[in-house]
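S.K.: One structure is given below, represented as structure tokens, and several questions about it will come after.
Numbering (this note's numbering), first residue to last: 1146 to 1362.
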């Protein structure tokens, strides 16, 4: 009798897991997905706030904040982007895939505060859905890793925002580019007395020597 109860328990748990997996497959926008930020090399930033509106029209506030940096892009220094293996990322809990993403950040090298909404195109969500449902054919070992979609926002001086969606092989796919405006209240929505977070010493020396390569992002 005890053996029968154990078998019943195993079948019940297996059935629940299969049901959950089937539910996720029936809702391709269910996630999970994470939002991350990166800046060009030496162009340090500080994300004050971020939000998203998902495919169900639900607004999720305060989904990420903190320092955002980037590594050198080969010999180009601060020109262009190095997206893989750098930046910060946090899971957006309970949200479906994004339709719009809001970000407000301090560009520490200028210094200036920018904010705005970025439209996330359907092409980006197609990349994210594949990341959630497909195995990477070139790296079979990844099949053992729980699937998760990732969106990375590149934040550059001048209010430039670049958006990448990571595919099933964790390759960044450029999906959007935007220009956002200056936050008129300044850093901290005017509550910091105009004070910005300090610039890293290495970044300060880089900017003093090479300047800010506007137009390269």
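Beta carbons: idealized from backbone N, C-alpha and C, even for Gly.
#1: Our contact map puts residue 1272 next to residue 1240 with C-beta atoms below 8 Å; I'd like the distance itself, whole angstroms only.
#2: Three-state secondary structure (DSSP) at residue 1300?
#3: If you draw a straight line from the alpha carbon of residue 1146 to that of residue 1171, how long is it in whole angstroms?
#4: Quick check on this structure: which residue in 1315, 1229 and 1185 has the alpha carbon closest to the alpha carbon of residue 1281?
#5: Please give me, in chain order, every unbroken run of the beta strand (DSSP E) with length at least 3 that falls completely inside the segment 1279-1347.
#6: Could you tell me the alpha carbon to alpha carbon distance between residue 1342 and residue 1257, rounded to whole angstroms?
#7: Below 8 Å, can you find three or more Cβ-Cβ pairs linking the segment 1242-1251 to the segment 1260-1277?
#8: Might you give, ordered along the chain, the residues of its own chain that have their beta carbon closer than 6 Å to the beta carbon of residue 1348, omitting 5 neighbours on each side?
#9: Look at the alpha carbon of residue 1168 and the alpha carbon of residue 1295, and state the distance between them as a whole number of angstroms.
#10: Can you name the start and end residues of the beta strand (DSSP E) that residue 1179 belongs to?
#11: When we look at the beta-carbon of residue 1181 and count the other beta-carbons within 10 Å, is it buried (16 or more) or exposed?
#12: Can you have a look at residue 1111 and say buried or exposed, based on whether 16 or more other CB atoms are within 10 angstroms of its CB?
#13: Leaving out five residues on either side along the sequence, give the residues of the same chain with a beta carbon under 7 Å from the beta carbon of residue 1254.
M.R.: According to the data block:
#1: For the purposes of this step, residue 1272 is taken as the residue at position 127 of the chain shown. For the purposes of this step, residue 1240 is taken as the residue at position 95 of the chain shown. Rounded, the Cβ-Cβ distance is 17 Å, inconsistent with contact.
#2: The residue you call residue 1300 lines up with position 155 of the chain shown. Residue 1300 falls in the strand class under three-state DSSP.
#3: As a position in the chain shown, residue 1146 is number 1, starting the count at 1. As a position in the chain shown, residue 1171 is number 26, starting the count at 1. In this predicted model, residue 1146 has a pLDDT of only 46, less than 50, meaning its place in the structure is not dependable; the value taken from the coordinates is given anyway. One C-alpha to the other measures close to 37 Å.
#4: In the chain shown, residue 1281 corresponds to position 136, counting from 1. Taking only the C-alpha atoms, the option nearest residue 1281 is 1315.
#5: 1294-1301, 1305-1311 and 1317-1324
#6: Within the chain shown, the letter at position 197 stands for residue 1342. Within the chain shown, the letter at position 112 stands for residue 1257. Each residue's Cα considered, the two are about 11 Å apart.
#7: yes
#8: The residue given as residue 1348 occupies position 203 in the chain shown. 1187 and 1189.
#9: Indexing the chain shown from 1 puts residue 1168 at position 23. Indexing the chain shown from 1 puts residue 1295 at position 150. The pLDDT assigned to residue 1168 is 43, lower than 50, so where the model puts this residue is not dependable; a value taken from the coordinates is nonetheless given after this. Rounded to the nearest angstrom, the two C-alpha atoms are 21 Å apart.
#10: Sequence index remark: in the chain shown, residue 1179 carries index 34 (1-based). First-last of the beta strand (DSSP E) with residue 1179: 1178-1183.
#11: Here residue 1181 refers to the residue found at position 36 of the chain shown. Buried, since its Cβ has 16 or more Cβ neighbours within 10 Å.
#12: Residue 1111 falls outside the range modelled here, since the chain spans only 1146 to 1362, and no answer is possible.
#13: By one-based count along the chain shown, residue 1254 stands at place 109. Cβ neighbours of residue 1254 beyond the five flanking positions: 1188, 1189, 1302, 1344, 1348, 1352 and 1357.
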